[in-house]
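Enquirer: At position 77 of the sequence shown (counting the first as 1) the number is 81 in my numbering, and the numbers step up by one without a gap.
Glycine included, every Cβ here is placed at the ideal spot set by N, Cα and C.
Quick one: the structure is below, questions incoming.
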Amino acid sequence: ACACVRAGTTGSRSMCPPNAVLAGLQWLKNQPPVLALADDAYPGWLWTLLDAKKVEDDGPGGRGEKVRLRRENRQRIRDQNFMKTQ
Numbered sequence: 005a006c007a008c009v010r011a012g013t014t015g016s017r018s019m020c021p022p023n024a025v026l027a028g029l030q031w032l033k034n035q036p037p038v039l040a041l042a043d044d045a046y047p048g049w050l051w052t053l054l055d056a057k058k059v060e061d062d063g064p065g066g067r068g069e070k071v072r073l074r075r076e077n078r079q080r081i082r083d084q085n086f087m088k089t090q
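This is how it looks when you write it as structure tokens:
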């Protein structure tokens with residue numbers, strides 16, 4: 005079984021060599037095993053899925069502020085819920 009993406013490396017993006025068997029991806033019985041492809045066989049957007057999303061700070065009331073406030077609110081709720089369990 006291979007992991008999908010190697011973090012922080014250059015050159016080969018995938019941890020799996022081409023034609024490696026990807027265990028756990030076979031959905032139907034009596035089908036050939038799923039094999040990894042070469043890195044250039046996958047679409048370019050696949051390698052950007054794990055990148056952090058960049059939100060521009062566009063001033064008060066903008067999208068950046070809304071994202072920041074939502075993140076802070078979620079963390080505050082998590083902290084409050086954790087303290088309720090103590």
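Return the CA-CA distance between R72 and F86, expressed in angstroms with no decimal places.
Expert: One C-alpha to the other measures close to 21 Å.
Enquirer: Applying the criterion that 16 or more other CB atoms from any shown protein chain within 10 Å of the CB defines a buried residue, is A40 buried or exposed?
Expert: Burial call: buried.
Enquirer: Relative to the C-alpha of M19, which residue among G28, R67, P47, W51 is closest?
Expert: If we check each option's Cα against that of M19, W51 comes out closest.
Enquirer: What three-state label does DSSP hand V38 in the structure shown?
Expert: Correct three-state label for V38: coil.
Enquirer: Within a Cβ cutoff of 6 Å, which residues of the same chain sit near N23, ignoring the five residues on either side of it in sequence?
Expert: Within the same chain, N23 has close Cβ partners L39.
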